[in-house]
Amino acid sequence: MDIVEHATFSHNDVKIHSREYVFRGFVKIEKISLQHRMFNQNNYIQEIQRELIQRKTAAGVLLYNDAQQKFALIEQFRVGAVDDSDSPWQLEIIAGVLDGDESPETCIRRESLEESGCQIDELEHLFSFYPSAGACSEVFHLYAAQTDLPEHGGVHGVADEGENIQLHIFDYTQLEPLFRYGRLKNAPVIMALQWLHQKIKMTKTAEG
1 MDIVEHATFS HNDVKIHSRE YVFRGFVKIE KISLQHRMFN QNNYIQEIQR ELIQRKTAAG
61 VLLYNDAQQK FALIEQFRVG AVDDSDSPWQ LEIIAGVLDG DESPETCIRR ESLEESGCQI
121 DELEHLFSFY PSAGACSEVF HLYAAQTDLP EHGGVHGVAD EGENIQLHIF DYTQLEPLFR
181 YGRLKNAPVI MALQWLHQKI KMTKTAEG
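Take 1 as the starting number for the sequence shown in full-length UniProt numbering and just add one per residue.
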């Protein structure tokens, strides 16, 4: 089996003995007892218990514009960073959780209007990944989209949902300083801006 194309084992190589919810709130937490197959052996690992945080599927988008040479990020308070020594206010791409059975694309277009006021037409899918597979079920779908960006940022968000979001408009020249000074601390924004940085470099190379 080629590990590049397929994982060593599959879902069928996990034995679930029990699973129960121990907490139900904005997120749900399950306690799961299981065994899984071991590498280079025909045996299964001894029964173990794990807590699994169940989160809804999420999607996010990097808004940028090559003609304007600009991109957009948002800044908002994040409880997960409440103990961060620099600040709980994080720079991020626009993102949200899928509502019911909506598609990632529909979610992104809705969130973009709510968090930036920008309308999106064409979307480019970059990656789908688990942000924290060691303990969380969330899958994140990451996109990029060219759109007309406002000249200046502003405050957005849905007040009834406790959102207070600052939109920032950055020049392409600010990409490297953002990485250099450690202002980016979550996976989706780092992945998206690395993708944009590489795209800009390839464009400059092609133009000679």
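In this text, a Cβ means the ideal position worked out from N, Cα and C, and glycines have one as well.
All figures in this text were calculated on a predicted structure; none of them were measured in a lab.
Cβ contact annotation for A81 (same chain, cutoff 6 Å, sequence separation greater than five): P88, Q90, in chain order.
By the Cβ neighbour-count rule, P177 is exposed, with fewer than 16 other Cβ atoms within 10 Å of its own.
If one requires a minimum length of 4 residues, the alpha helix (DSSP H) runs lying completely within the UniProt domain "Nudix hydrolase" (54 to 192) are 104 to 116, 175 to 180, in chain order. Relative to the Cα of S18, the nearest Cα in the group M191, T147, T57, L34 belongs to L34. Counting every other CB atom within 10 Å of its CB across the protein chains shown gives M38 a total below 16, marking it as exposed.
With distances taken between CA atoms, Q54 lies nearest to V27 out of V27, G154, I32. When secondary structure is reduced to three states using DSSP, H6 falls in the coil class, being assigned neither helix nor strand. For Q35, the pairing in a beta bridge is given by DSSP as K15. T57 places its beta carbon 7 Å or farther from that of L113. CA-CA distance, Q194 to A59, rounds to 18 Å. Ranking R110, P131, F129 by CA distance to the CA of D121 puts R110 first. Taking the CA atoms as reference points, K204 sits about 51 Å from Q41.
Contact between V22 and K15 is ruled out by a C-beta separation of about 21 Å, above the 8 Å threshold. Rounded to the nearest whole angstrom, the CA to CA distance from L63 to V158 is 19 Å. In the three-state reduction of the DSSP assignment, I200 falls in the helix class, which pools H, G and I.
Separation of P188 and H11 (C-alpha to C-alpha, rounded to the nearest whole angstrom) is 26 Å.
CA-CA distance, H125 to P104, rounds to 10 Å. E30 sits in a strand when the DSSP states are folded into three classes. Minimum Cα-Cα distance from I200 among the listed residues Y172, M191, H168 corresponds to Y172. The Cβ neighbour count for S116, taken over all protein chains shown within 10 Å, is at least 16; the residue is labelled buried.
Under DSSP, the beta-bridge partners assigned to Q49 are S33. G153 places its beta carbon less than 7 Å from that of I169.
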